[in-house]
Amino acid sequence: MSSIKKPLVGIICCRREQDTHYFHMVGEKYINAINKHSGCTSVLIPVEQPDEIDQSILNRMDGFLLTGSLSNVDPQQYNDQLTDPKMLMDTSRDHTVFKVVHSIVEKKMPLLAICRGFQEMNVAFGGSLYQNLEEQSDHQGHDFERNVPHDEQYGLSHHVDIINGTALHNISGMDRAEVNSLHTQGVRELSDRLEPNAMTGNGLIEAFTIKEADGFNLSVQWHPEWQPHNSELSLSIFSAFGDACKDYSSS
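Numbering (the numbering used here), first residue to last: 1001 to 1251.
Shown next, in the form of structure tokens:
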């Protein structure tokens, strides 16, 4: 299949200041995961655009990816007070994601959400977050050391139990998997519109789907985009997402 015929996956950008100018950016690992492991072509989607531009973009895409990021969801989005004034946020991305995500779901368009994207999905459907798992919960050891090589940062950290009969179980055929862990925040209260798909041994939700959505959707807290070729679970996720995008593009 030539690239011009491949389904288009929109990757919503982060907006960050660099050298006194703002840039719309996406980590290369997410782009590569889509382009190399899903059979689709990635398209970078800028944030804070007028509604008519957002709708024009939505009408041209065959799937969407919400990526991880160094930034966190603004706690005001889930009616909480900021606990760390140094916490990096991206209110432009918040605004765009929360504006378009329900339209994506209503269109039955395939949607994959990773790390920050996983947290965005919970908040978008009415859930809440721990702003810092280490300080606010019994769920310890999910953060990562920022001054070590990437292979160590993204090394396997803990296992997740995949719930039988869920979408992730059907996609992967696995009951348990080892995953990496690079997140300070996590689900405090899961939206009642979401269904857990995977959990840690002590009950932290690490994957979920939308209960009543017709199209493919999956949100995961870990990072399957990091070297997917080395992980059976990661390959199964991107393959299933890509297949869903192909079906959507031909419908």
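We treat Cβ as the ideally placed atom computed from N, Cα and C, and that holds for glycine. If you're wondering where the values come from, they're calculated on a predicted model, not measured in any experiment.
For the putative contact between residue i and residue j, defined by C-beta atoms under 8 angstroms, what is the C-beta separation to the nearest angstrom?
| i | j | result |
| --- | --- | --- |
| Ser1128 | Asp1094 | With a Cβ gap of about 14 angstroms, Ser1128 and Asp1094 do not count as contacting. |
| Ile1114 | Glu1225 | 6 angstroms |
| Leu1112 | Ile1104 | Not quite, the Cβ-Cβ distance comes to about 11 angstroms (not below 8 angstroms), so this is no contact. |
| Ser1191 | Asn1122 | 6 angstroms |
Can you give me the C-alpha to C-alpha distance between residue i and residue j, rounded to a whole angstrom?
| i | j | result |
| --- | --- | --- |
| Lys1246 | Asp1084 | 42 angstroms |
| Lys1036 | Lys1029 | 10 angstroms |
| Phe1125 | His1102 | 9 angstroms |
| Asn1217 | Phe1064 | 10 angstroms |
| Thr1020 | Asp1151 | 31 angstroms |
| Leu1066 | Val1097 | 8 angstroms |
| Ala1177 | Ser1234 | 10 angstroms |
| Ile1171 | Ser1236 | 6 angstroms |
| Asp1243 | Met1109 | 12 angstroms |
| Thr1041 | Ile1012 | 14 angstroms |
| Tyr1154 | Ser1251 | 37 angstroms |
| Leu1070 | Gly1165 | 33 angstroms |
| Gly1039 | Leu1008 | 10 angstroms |
| Ser1249 | Val1026 | 23 angstroms |
| Leu1082 | Gln1018 | 24 angstroms |
| Ile1210 | Ile1045 | 23 angstroms |
| Phe1241 | Leu1133 | 29 angstroms |
| Ser1239 | His1024 | 27 angstroms |
| Ser1002 | Glu1052 | Residue confidence for Ser1002 is low, a pLDDT of 47 falling below 50, so the modelled location carries little weight; the figure read from the coordinates is stated next. Each residue's alpha carbon lies about 30 angstroms from the other. |
| Tyr1130 | Arg1116 | 13 angstroms |
| Lys1086 | Asn1072 | 11 angstroms |
| Cys1014 | Val1043 | 14 angstroms |
| Pro1149 | Gln1227 | 14 angstroms |
| Gly1068 | Glu1145 | 16 angstroms |
| Gln1140 | His1223 | 18 angstroms |
If you compare alpha carbons, which of the options is closest to residue i?
| i | options | result |
| --- | --- | --- |
| Arg1016 | Ser1249, Glu1206, His1169 and Val1047 | Val1047 |
| Gly1201 | Asp1138, Arg1146, Phe1216 and Gly1173 | Asp1138 |
| Gln1221 | Asp1143, Leu1235 and Asp1192 | Asp1143 |
| Glu1135 | Ser1250, Arg1188 and Phe1023 | Arg1188 |
| Gly1010 | Thr1209, Asp1054 and Asn1170 | Asp1054 |
| Leu1204 | Ile1163, Leu1233, Cys1040 and Ala1167 | Ile1163 |
| Gln1119 | Gln1077, Gly1215 and Lys1099 | Gln1077 |
| His1169 | His1223, Ala1207, Gln1140 and Tyr1154 | Ala1207 |
| Ser1231 | Gly1215, Tyr1022, Asp1214 and Met1174 | Met1174 |
| Ile1034 | Lys1006, Ser1069, Asp1051 and Gln1049 | Lys1006 |
| Asp1074 | Asp1214, Gln1185 and Ser1249 | Gln1185 |
| Asn1032 | His1229, Pro1149 and Leu1133 | His1229 |
| Gln1049 | Lys1099, Ala1240, His1223 and Asn1059 | Lys1099 |
| Ala1167 | Ala1213, Pro1149, Tyr1130 and Gln1140 | Ala1213 |
| Arg1060 | Lys1107, Gln1227, Gly1117 and Cys1014 | Lys1107 |
| Asp1062 | Tyr1130, Tyr1022, Gly1068 and Gly1215 | Gly1215 |
Based on the DSSP secondary-structure assignment, which residues constitute the bridge partners of residue i?
| i | result |
| --- | --- |
| His1158 | Val1179 |
| Asn1217 | Leu1111 |
| Gln1018 | His1021 |
| Asn1197 | Asn1197 is not bridged to any residue. |
| Leu1044 | Ile1011 |
| Tyr1130 | Gly1186 |
| Leu1066 | Ala1113 |
| Ala1207 | Ala1198 and Val1220 |
| Asn1230 | For Asn1230, which the question treats as bridged, DSSP gives no partner whatsoever. |
| Asn1072 | Met1089 |
Quick check: the stretch 1152-1162 against the stretch 1175-1185, are at least 3 beta-carbon pairs closer than 8 angstroms? With a cut-off of 8 angstroms, the stretch 1152-1162 and the stretch 1175-1185 count as touching, because enough Cβ pairs lie within range.
Is it the case that the stretch 1085-1099 contacts the stretch 1192-1199, given that we only count it when at least three CB pairs across the two stretches are under 8 angstroms? The answer is no - the stretch 1085-1099 does not touch the stretch 1192-1199, with fewer than three Cβ pairs under 8 angstroms.
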